[in-house]
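Visitor: Everything in the sequence shown is counted per the numbering used here, starting at 190 for the first residue and increasing by one. The beta carbon of each residue, even a glycine, is placed where N, CA and C say it ideally should be. This is the structure I have questions about; it appears just below.
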Amino acid sequence: MKIQWFEQEVNSSAVTIYDNNVTLSKQASNYLSDAYGIQVGFDVENQTLILKKVTKDDVNKQYVNPNQLYTLTIKQSFGRINSKKLILELQKYVNLDFTHQKSYKYNARYNNGQKMLIVDIKEAINNA
């Protein structure tokens, strides 16, 4: 008997963008779960969405403008940043047409040294 055993799917870090929020997979949200707030930006040159973990100490020492922080809500199986304004800002850099597609899903990786989740916007995966 020759049996081919199947491995479990490795949990990957993924970020899905909807018309009013950014949803992080459990794996992706785990990297940012202890953050005081999340700073969100876009690297135009590399076409990457950046989600940077910010500590309370960063804010107290005025390293970060508190008006630039978003709240990451953590649930059992995902994390979410709710902000229609954030999505409108992102649409200035990324072609997101929610009249034709409900969401856009992208791979993400965590940069431990810079404490940021880097979302590769160049190619969507498994679009819903």
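Quick one: any contact between the region 230 to 237 and the region 205 to 216, if contact means 3 or more CB pairs under 8 Å?
Guide: The region 230 to 237 is not in contact with the region 205 to 216.
Visitor: Go through its chain and collect everything with a Cβ distance to alanine 224's Cβ below 8 Å, but skip five positions before and after it.
Guide: These residues qualify, in order along the chain: Lys242, Val243, Thr244 and Leu261.
Visitor: Please name the residue, chosen from Tyr252, Val229 and Asn254, that lies closest to leucine 240 on a Cα-to-Cα basis.
Guide: Cα-wise, what sits closest to leucine 240 is Val229.
Visitor: Under 8 Å, with one C-beta from each stretch per pair, do the region 248 to 261 and the region 282 to 297 reach the 3-pair mark?
Guide: As far as the Cβ criterion goes, the region 248 to 261 does not touch the region 282 to 297, which means the pair count is below three.
Visitor: Could you tell me the alpha carbon to alpha carbon distance between lysine 304 and leucine 285, rounded to whole angstroms?
Guide: Each residue's alpha carbon lies about 26 Å from the other.
Visitor: Would you kindly work out how many angstroms separate the C-alpha atoms of leucine 277 and glutamate 196, rounded to a whole number?
Guide: Computed Cα separation, rounded: 40 Å.
Visitor: In the structure shown, what three-state DSSP assignment does aspartate 232 receive?
Guide: Strand.
Visitor: As an exercise, report each continuous beta strand (DSSP E) stretch of at least 3 residues that is fully enclosed by the region 236 to 268, in chain order.
Guide: Fully enclosed beta strand (DSSP E) runs of 3 or longer: 237 to 243.
Visitor: Quick one: grab the DSSP three-state call for serine 218.
Guide: If DSSP states are grouped into helix, strand and coil, serine 218 belongs with the helices.
Visitor: Run through DSSP, which three-state label would lysine 294 get?
Guide: If DSSP states are grouped into helix, strand and coil, lysine 294 belongs with the strands.
Visitor: What residue from Lys264, Ile307, Asp309 and Thr212 has the CA that sits closest to asparagine 271's CA?
Guide: Cα-wise, what sits closest to asparagine 271 is Thr212.
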